[in-house]
Amino acid sequence: MLAAERHRRIIEKLGESGAVKVSELSELFSVTEKTVREDLEKLEEKGLLKRTHGGAVLEQGGEDSFLPLQIPNAKHQAEKAAIATLALSCIEPNDIIALDAGSSTLELARQLPNMPLTVLTNDLLIIRELTLKDAIRLVVPGGYRHNNLLIGGESQEWINRLNVHKLFLSTTGIHPEYGLTIFTEELAKLKRLYIDNARRTYVIADHSKFDRGALITYAALNDVHCIITDGGISPEVEERYEALGLTIMKAEVPASGKRTRGKV
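To convert, take the position in the sequence shown, counting from 1, and add 27; that gives my numbering.
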């Protein structure tokens, strides 16, 4: 196995578990532990991981990485896949949609059929996913690269001139008091631009995002038309948010892991 492939596999395993051991990687790749330690050293120089005694842990926030794009959050993947399937039922041919950056919206992009659509996004992973779907007209805001995203102040003000039919929005937290929240001010500004220029806003978020509040509020709950989540949301939480006037669509995830469309 070439070094580049080992490096990619190491980052994938870090994305899955958050930590790796030299001994396990040595056995997995059929190379010496010395070779693995050299691999980890090179990846640490790239800012992709932090070496520890006997292994390494994932390093967050590096921009100039060995891999061109960071691996998205893989938690609750079955739930995200089911949510994306349900979100597809809200999309019609010739819609103009915006896909906010995130792992749930990335899954929606993967499931989008190659049909006549206009898609606005600043997520490089989503852009890569949609490039080969030639029936989809891809619209990309300007800006500079930060990890997987294109961001940048005034260059994105032109979004105000767009007529977006439907926005599919990701979020760090959904909270009855704080609303929709995120940690980064620059991303909060772009999310607000998306919301202000969309006829309908759908938040797609797995059940773990409810009752969580991050640093910055970028929207109130009544700024969105619907939250699409999974069946892992408890009846108590669902009733509490519906009492606030929210419409919640739930995608059930069967025990087999196969996706089914949920219901409002």
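No residue lacks a Cβ here, since even glycine has one placed at the ideal position from N, Cα and C.
Straight-line gap, residue i to residue j (C-alpha atoms, nearest Å)
i	j	result
Gln-138	Ile-110	11 Å
Arg-227	Ala-246	14 Å
Leu-41	Val-84	7 Å
Lys-218	Glu-184	12 Å
Pro-262	Tyr-268	10 Å
Ile-254	Leu-55	41 Å
Arg-286	Thr-274	Summary for Arg-286: the model assigns pLDDT 46, below 50, so the residue's position carries little reliability, and this model does not support an answer.
Ile-186	Leu-196	15 Å
Asp-91	Glu-266	Residue placement at Asp-91 cannot be trusted, given a pLDDT of 37 that sits under 50; what the coordinates show is reported in the next sentence. Asp-91 and Glu-266: Cα-Cα distance of roughly 45 Å.
His-371	Pro-168	Since the first residue of the chain shown is 28 and the last is 291, residue 371 is not available in this structure.
Leu-67	Asp-238	38 Å
Ala-31	Ala-215	35 Å
Ala-108	Glu-39	19 Å
Pro-120	Val-264	34 Å
Residue nearest to residue i in terms of C-alpha spacing, selected from the options
i	options	result
Lys-77	His-103, Ser-116, Lys-107, Ile-37	Ile-37
Thr-198	Glu-39, Glu-265, Thr-132, Ile-186	Thr-132
His-202	Asn-187, Gly-170, Ser-235	Ser-235
Glu-213	Asp-223, Asn-190, Ile-178, Leu-67	Ile-178
His-103	Glu-119, Ser-130, Leu-115	Ser-130
Val-191	Glu-265, Ile-124, Val-280	Ile-124
Leu-189	Gly-170, Arg-172, Val-166, Tyr-171	Val-166
Ala-128	Asp-150, Leu-115, Ile-118	Asp-150
Residues near residue i by beta carbon distance below 8 Å, same chain, minus five either side
i	result
Gly-284	For Gly-284, the predicted model reports a pLDDT of 48, less than 50, meaning its position is unreliable; a value from the coordinates is still stated below. Ala-105.
Ile-118	Ile-124, Leu-139, Leu-144, Lys-193
Asp-223	Asn-187
Beta-carbon spacing of residue i, residue j below 8 Å
i	j	result
Asp-122	Lys-193	yes
Thr-148	Leu-126	yes
Thr-208	Leu-248	no
Asp-233	Gly-200	no
Val-58	Gly-82	no
Ala-225	Asp-257	no
Tyr-221	His-252	no
Glu-293	Ser-50	Because the chain spans 28 through 291 in this model, residue 293 falls outside it and cannot be assessed.
Neighbourhood of residue i by C-beta distance below 6 Å, restricted to the same chain and skipping five residues each side
i	result
Gln-97	The predicted model places Gln-97 with a pLDDT of 49, which falls under 50 and marks its position as unreliable; any figure quoted below should be read in that light. Excluding sequence neighbours, Gln-97 sits near Asn-174, Asn-175.
Lys-160	Asn-141
Ile-163	Leu-144, Val-146, Leu-157
Ile-153	Leu-126, Leu-133, Ala-136
Gly-206	Thr-244, Ala-246, Ala-247, Leu-248
Met-28	Phe-56
Ile-231	Ile-110, Ala-114, Ser-131, Phe-195, Ile-255
Tyr-171	Gly-179
Other residues of its chain near residue i: CB distance less than 7 Å, five sequence neighbours each side excluded
i	result
Leu-52	Ile-37, Val-63
Leu-271	Pro-203, Leu-248
Phe-210	Thr-199, Ala-241, Leu-242, Ile-243
Glu-65	none
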